[in-house]
Each structure stands twice: as structure tokens, then as C-alpha cells.
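**Q** The numbers in numbering that gives the first Met the number 0 rise by one with no breaks, and the one at position 5 of the sequence shown is 4.
Starting off with a structure, shown below.
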Amino acid sequence: MDKTADIVNWDQVEWVILDMDGTILDLSYDNYFWRQLVPERYAQINGISLEQARATLTPKFIEVQHTLPWYCTDYWSDITGINMAELKREIRHMIGPLEGAVDFLHAVRASGRQLWLATNAHRDSWSLKLEHTGLTPLFDLIVSSHQFGAPKEDQNFWQRFVAQYPFDPKRALFVDDSLPVLQAAHEFGVGQVVAISHPDTSQPPRTIEGFLATPRLGALASRLSNKI
Numbered sequence: 000m001d002k003t004a005d006i007v008n009w010d011q012v013e014w015v016i017l018d019m020d021g022t023i024l025d026l027s028y029d030n031y032f033w034r035q036l037v038p039e040r041y042a043q044i045n046g047i048s049l050e051q052a053r054a055t056l057t058p059k060f061i062e063v064q065h066t067l068p069w070y071c072t073d074y075w076s077d078i079t080g081i082n083m084a085e086l087k088r089e090i091r092h093m094i095g096p097l098e099g100a101v102d103f104l105h106a107v108r109a110s111g112r113q114l115w116l117a118t119n120a121h122r123d124s125w126s127l128k129l130e131h132t133g134l135t136p137l138f139d140l141i142v143s144s145h146q147f148g149a150p151k152e153d154q155n156f157w158q159r160f161v162a163q164y165p166f167d168p169k170r171a172l173f174v175d176d177s178l179p180v181l182q183a184a185h186e187f188g189v190g191q192v193v194a195i196s197h198p199d200t201s202q203p204p205r206t207i208e209g210f211l212a213t214p215r216l217g218a219l220a221s222r223l224s225n226k227i
């Protein structure tokens, strides 16, 4: 049995709150989109080299990282002159779940616990991905940080989230691949937070420090029992 199977105390979990990209879905889609496709398209429409495109875009990315605009397709469409929503649809064939993720979702549903999706993705992004994968019906609730005017890295997100959709943070499990997001959830008082150490299958697993971690959601399911 995977040694990560024991890192969640399921007896203390009533709400399972999951990130989408890099937790349920393979982050290789997003990394290819931002690191390769966007610079390529930007270079094409501006008549510059790929190297010049990356040199132009990278500071713009860094400037808004971990803020709401970073996750907003409308913002990046305005900045780059590229229809980001349409560009994402061009490579939708690359969207797919990480190994074991869908089985984990079904296991949580079968256990009787609440299964919530909390993503920083803009509606253009998350609706495309959930439509493509057919995962929408598995969730009891789907929220985006754009609804609350703050990213998951910000305490305002968590305060507004629980105010609109009441839950007991101490009885919640939250899984995400972003360490700043996990830190924010921990500071808010979420009872159990777990990092995904292998969010992008095109890259090697990461070493996670400061949080309990699992390479994939499926590794958490073996100890999952029905809600008491």
C-alpha cells in the first residue's frame, strides 16, 4: 500500500475540497499552454522571435503571479491581443485527469462526504475543462475565486467562501498543488491540507516541504471509509 494512504484522517473529514489544475487534471496542459503556445502565438502575431516573445511576456507573468488577474483569461486577452479562451479550446485534446483522480472522486461521492471544487481558474477555463472531461456531475459545489474577487492565496477568498457556502474548516480536507494556496488554507484553519507532488506528468515529481504530500489523489483513497 502507498505510504501516503495514511496521511488523511478520514474520520475527521466531512468536506473534501479540491483544486482542479494539477490536482484533478494534469497540469501539463496548462504548462504547455503558457510556456509554449502563448509565446509562439504572441511571436506570430507581432512578427518577433519566440525568444523576444518570452522576454516580453515573462515580466508580465511575474508581475501578477498569485493575484486574480494571473488567472483571468480576459486580462491576458487584453494584454496580449490573443483570444485566450479560443486558444485554450484549440488544444482541448490535451486536457485530461491525472491517474487515479476520477476513481478518487467517485470514492468520495460513495462515502457520503461533500465533494467541492475550488479553483482559481476563470470560468472560460474551468467550464471548458469540466465539459471536456465530463466531471461536472461529480461535484456538489463548484466555485471559482473570481466569484469572490480574490485568489485562493488570499484570506479574503476563504472568508468570503465560507460566508457564502458555510462549512466547518476543521472538518475539511483541502488538496492543491500550489504551496501558497495550501499555506493560505492552513492559516484560515482548514483541518487537513495535502499537497500534490506530481501535478504535471511531463515533469518529474517535486519535493514538497512544509506540507503532507501525495503524488496523486488516488493514493489517498485506500483508507477512505463511509462517512459516519
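Positions of the beta carbon are idealized from the N, C-alpha and C atoms, including for glycine.
#1: At the level of alpha carbons, what is the spacing between R112 and A54?
#2: So, for S27: in the same chain, excluding its five sequence neighbours on each side, which residues have a beta-carbon less than 6 Å away from its beta-carbon?
#3: By how many angstroms is the C-alpha of S110 removed from the C-alpha of S224?
#4: In chain order, what residues of the same chain have a beta carbon less than 6 Å from the beta carbon of D176, not counting five sequence neighbours either side?
#5: Report the option in H65, A212, E39 and L67 whose CA atom is closest to the CA atom of L56.
#6: With a CB to CB cut of under 7 Å and the five nearest residues on each side skipped, what residues in its chain are close to T66?
#7: Taking the straight line between their C-alpha atoms, what separation do you get for I16 and T79?
#8: For I227, which residues in the same chain have their Cβ closer than 8 Å to its Cβ, ignoring the five residues on either side in sequence?
#9: Return yes when the Cβ of P96 is within less than 7 Å of the Cβ of L24, no when it is not.
#10: Ignore the nearest five residues each way along the sequence and tell me which others in A183's own chain have a CB closer than 8 Å to its CB.
#11: Evaluate the contact criterion for the region 123-137 versus the region 93-108: three or more CB pairs, one atom per stretch, below 8 Å.
#12: So, with DSSP's three-state summary, where would you put S201?
#13: DSSP three-state label for L67, please.
#14: Rounded to whole angstroms, what is the Cα-Cα separation between H105 and D18?
#15: Just curious, the beta strand (DSSP E) that I141 is in, first and last residue?
#16: Taking Cβ to Cβ, would you say F103 is nearer than 7 Å to G217?
#17: So the beta strand (DSSP E) Q113 belongs to, where does it begin and stop?
#18: Mapping the DSSP letters down to three states, classify A109 as helix, strand or coil.
#19: In whole angstroms, give me the CA-to-CA distance for L140 and W115.
#20: Whose C-beta lies closer than 6 Å to the C-beta of V180 among residues of the same chain, with five residues either side of it excluded?
#21: Please list the terminal residues of the continuous alpha helix (DSSP H) segment that includes Q163.
**A** Per the coordinate set shown:
#1: C-alpha separation (whole angstroms): 46 Å.
#2: Cβ neighbours of S27 within its own chain (closer than 6 Å, five residues either side excluded): D199, T200 and S201.
#3: Distance between the alpha carbons of S224 and S110: 6 Å.
#4: For D176, where only same-chain residues beyond five positions count, the Cβ hits under 6 Å are G21, T22, I195 and P198.
#5: Ranked by Cα distance from L56, the first of H65, A212, E39 and L67 is E39.
#6: Within its own chain, the residues whose Cβ lies closer than 7 Å to the Cβ of T66, once the five positions on either side in sequence are excluded, are P150, listed in chain order.
#7: I16 and T79 have their C-alpha atoms roughly 33 Å apart.
#8: Note that I227 has pLDDT 48, beneath the 50 cutoff, so the model's placement of it is unreliable and the number below is only indicative. Closer than 8 Å at the Cβ level, and outside the excluded window around I227, lie D10.
#9: A contact, by the Cβ cut-off of 7 Å.
#10: Excluding sequence neighbours, A183 sits near K151, E152, D153, Q154, F156 and W157.
#11: Using a Cβ-Cβ distance cut-off of 8 Å, the region 123-137 and the region 93-108 are in contact, since at least three pairs of beta carbons, one from each stretch, lie closer than that value.
#12: When secondary structure is reduced to three states using DSSP, S201 falls in the coil class, being assigned neither helix nor strand.
#13: Three-state result, L67: helix.
#14: In this structure, the straight-line span from the alpha carbon of H105 to that of D18 is close to 16 Å.
#15: Per DSSP, I141 belongs to the beta strand (DSSP E) from L140 to S143.
#16: In this structure, G217 lies closer than 7 Å to F103 by Cβ.
#17: From DSSP, the beta strand (DSSP E) with Q113 extends over Q113 to T118.
#18: DSSP places A109 in the helix class (H, G or I) of the three-state scheme.
#19: Each residue's Cα considered, the two are about 5 Å apart.
#20: Contacts found: K151 and E152.
#21: Here the alpha helix (DSSP H) through Q163 covers Q154 to Q163.
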